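To keep things clear, I will list the structure first and then write my remarks on it.
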Amino acid sequence: MSGSSDWAVSGWWIGRELGRGGRAEATLTRNDLIELWVKASASPKPNIRHFAEDLTTWTHELGATEWVETMTTPEVARRMRQGVNEVATGVEIWDMVSMIAAEYADPFARCSANVVRDVRAERPRGLSTAMVDSIRPLEENHPRTAARNAMIATEQCGTVTSTRDHADRFVETPQSFTSEIVAAAMRGYSGKLVDYLDRIADDDGNEDLEILSSAIEDMTIRYGEPDVADRSPSAEEIEFVEQTLESYLNRRIVDTGDLDRPLIQGSNLYTSYDVVGETWRRARRNMLKLHIAEIELTDDLVTRVYKSNRHRATQDLRRKLFRSADRTAHAQHPESYGPERTELALGHRGVLMRLLFARAHRYVMDSSIESSHPWGKKYEGPLPCWEREVVLDILLSDAETVLDGSVPEVAAFIDRGAVRPMVRHLLEVRRPTNTLAPSPTKSVALVMQLLQGALAMAINDDDIFAGDGIELVGKKAAGQTWTQKSAEIIRRLRTHRDEWTELTETNK
0 MSGSSDWAVS GWWIGRELGR GGRAEATLTR NDLIELWVKA SASPKPNIRH
50 FAEDLTTWTH ELGATEWVET MTTPEVARRM RQGVNEVATG VEIWDMVSMI
100 AAEYADPFAR CSANVVRDVR AERPRGLSTA MVDSIRPLEE NHPRTAARNA
150 MIATEQCGTV TSTRDHADRF VETPQSFTSE IVAAAMRGYS GKLVDYLDRI
200 ADDDGNEDLE ILSSAIEDMT IRYGEPDVAD RSPSAEEIEF VEQTLESYLN
250 RRIVDTGDLD RPLIQGSNLY TSYDVVGETW RRARRNMLKL HIAEIELTDD
300 LVTRVYKSNR HRATQDLRRK LFRSADRTAH AQHPESYGPE RTELALGHRG
350 VLMRLLFARA HRYVMDSSIE SSHPWGKKYE GPLPCWEREV VLDILLSDAE
400 TVLDGSVPEV AAFIDRGAVR PMVRHLLEVR RPTNTLAPSP TKSVALVMQL
450 LQGALAMAIN DDDIFAGDGI ELVGKKAAGQ TWTQKSAEII RRLRTHRDEW
500 TELTETNK
């Protein structure tokens, strides 16, 4: 399942090129380490994005276990699950994280990420193109989440994080668990199909509905009942979860010293105590989801859920305080926010948008589209090809637009409605000789794919669902909720990411 990690010697990351530019030094962040690990790891490997996301999740899960902390050190375990963008000094910490990645996180991530391939093989046949486009996003995230949850919580799938012995047993004989893990992923997938079918079932006379219904029935026979965990919990389930959470908190009597820790260094205005209520609300919600999914709420699982939600609630409040402080400073000292401090004058959102453009520009700069393109014939023209050059120019012009204070919406710059006719016009006027695509129509399509894909790769799902989500998704339609609008944007992002990966990775 897992390729050899013999290359991961002490300090293996030093000197390797980072996606954000520059080369890694002995000191780096956990997220940088994961990015470099995915690039360096042996092929064949899963879809790059799926592999990176699952490796990130497994690193966090393993860092939350007592046995990994015992194998390494408390600081190494903390680095695996917290402060993922904090720089750690020296190679010792990252050598230990790499050891855990090689022995456990990498094989776990390959297993959970690879279920997408099995799920796609089960995509119902005979559906219309429009229906295929609608259900394609359902094949990615939820099946992987279902696979990971099953690997953590069920004996048949390994209970891989419960003890080191369980983890070793899984790594030694992964094939013993594969069929059950795939079945769990398929139940997650069919559950999403059931949910989707329920939402469109009023469309009478649609042949796609019959095909979907038949496919769900077939998957149920082969893999078990679909996971439909989005239903409302019963009163008994709510009472059970609340009692479980209350019992946990009463036993732990959450460390009072930790509760009084300042939220922002040097200020006692807010402490960790201020996030207790929000932590309880989030932990209760997520424990209800787990309970509905029939995952046992063990002491270890409740501890991990509570600590994880407490950390996220703390980070969210800290971000809000920083943004509030910045706005107050701007109002009280506008003279400090001149042209030389454009980023602060634009506020958090402008900085975020500039960062997105910079990330996207780096993706396009680093792409090897000239050698990975789908048309077979070797490209022998100057680098970059005309299509890539146009995309780089567009991204630079967008960054300048942000500097001028005119920040576009994510929804607008992802689909780029005005770009297509502009690119056609440039083709007609300039008549470039260094196009990569074999025809003008395909050149325009390639520009759109590169532009949309790079921007989608640059945007994290958390950028949409976090506290700034409403600023990022733009305006919602009449009768549409912000959750629905965010979900719509997420679906479009994931489609563009898949196209980017296929375009830049498939033919290497």
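Residue 393 in numbering that gives the first Met the number 0 sits at position 394 of the sequence shown; the count goes up by one each step and never skips. The beta carbon of each residue, even a glycine, is placed where N, CA and C say it ideally should be. Source: prediction; values computed, not measured.
If you measure from the beta carbon of residue i to each beta carbon in chain C, is any gap under 9 Å?
i, result
"A25", "Absent from the structure is chain C; it holds one protein chain and no more."
How would you label residue i, buried or exposed, when you count the other beta carbons within 10 angstroms and need 16 or more for buried?
i, result
"E154", "exposed"
"E121", "buried"
"F412", "In this prediction, F412 scores a pLDDT of 48, lower than 50, which makes its location untrustworthy; the coordinate-derived value is nonetheless stated afterwards. By the 10 Å Cβ count, F412 comes out buried."
"V495", "The question names Val, but residue 495 in the sequence shown is His. So H495 counts as buried."
"E60", "buried"
"T434", "buried"
"N113", "buried"
"Y442", "Going by the sequence as given, residue 442 is Ser instead of Tyr. It is buried - the Cβ of S442 has at least 16 other Cβ atoms within 10 Å."
"R119", "exposed"
"A41", "exposed"
"T503", "buried"
"A104", "buried"
"N267", "With a pLDDT of 46 at N267, under the threshold of 50, the predicted position of this residue should be treated as unreliable, though the coordinate-derived value follows. Burial call: exposed."
"H424", "exposed"
"P136", "buried"
"T172", "exposed"
"N46", "buried"
"V75", "buried"
"A51", "buried"
"P73", "exposed"
"I488", "buried"
"Q483", "exposed"
"R430", "exposed"
"G468", "Bear in mind that a pLDDT of 38 at G468, under 50, signals an unreliable position, so the model cannot answer this."
"A183", "buried"
"V428", "exposed"
"D497", "buried"
"T160", "buried"
"T69", "exposed"
"Q451", "buried"
Helix, strand or coil for residue i per DSSP?
i, result
"L435", "coil"
"R22", "strand"
"Y188", "helix"
"Q174", "helix"
"S111", "helix"
"P373", "coil"
"K306", "helix"
"W66", "helix"
"V274", "helix"
"W499", "helix"
"K38", "helix"
"A76", "helix"
"I294", "coil"
"V8", "coil"
"T480", "coil"
"K44", "coil"
"I180", "helix"
"D226", "coil"
"E379", "coil"
"S485", "helix"
"P232", "coil"
"S367", "coil"
"Q81", "coil"
Quick one: measure Cβ to Cβ for residue i and residue j, integer angstroms, because I've assumed they're closer than 8 Å.
i, j, result
"T64", "I33", "Rounded, the Cβ-Cβ distance is 18 Å, inconsistent with contact."
"L211", "L192", "6 Å"
"T278", "R250", "T278 to R250, Cβ: 16 Å. No contact."
"H141", "G187", "5 Å"
"E238", "H290", "At roughly 11 Å, the Cβ-Cβ gap does not stay under 8 Å, so E238 and H290 are not in contact."
"L533", "T243", "An answer regarding residue 533 cannot be provided, because it is not within the stretch 0 to 507 covered by the chain."
"W93", "A87", "7 Å"
"V274", "T302", "Their Cβ separation, rounded to whole angstroms, is 17 Å, which puts V274 and T302 out of contact at 8 Å."
"G14", "R22", "5 Å"
"A149", "I180", "6 Å"
"V390", "L449", "5 Å"
"Y247", "Y305", "7 Å"
"G190", "D226", "4 Å"
"H49", "R143", "7 Å"
Determine which residues share a DSSP beta bridge with residue i and list them.
i, result
"A87", "L27"
"E16", "R22"
Exercise for the section: Note down, one range per segment and in chain order, each alpha helix (DSSP H) of at least 4 residues found wholly within the segment 114–142. Expected result: As far as the segment 114–142 is concerned, its whole alpha helix (DSSP H) runs of at least 4 residues are 128–134.
Practice task
With a floor of 4 residues, list each alpha helix (DSSP H) that falls wholly inside the segment 147–172, ordered by position along the chain.
Solution key: Counting only runs of 4 or more residues that sit fully inside the segment 147–172, the alpha helix (DSSP H) segments are 163–171, in chain order.
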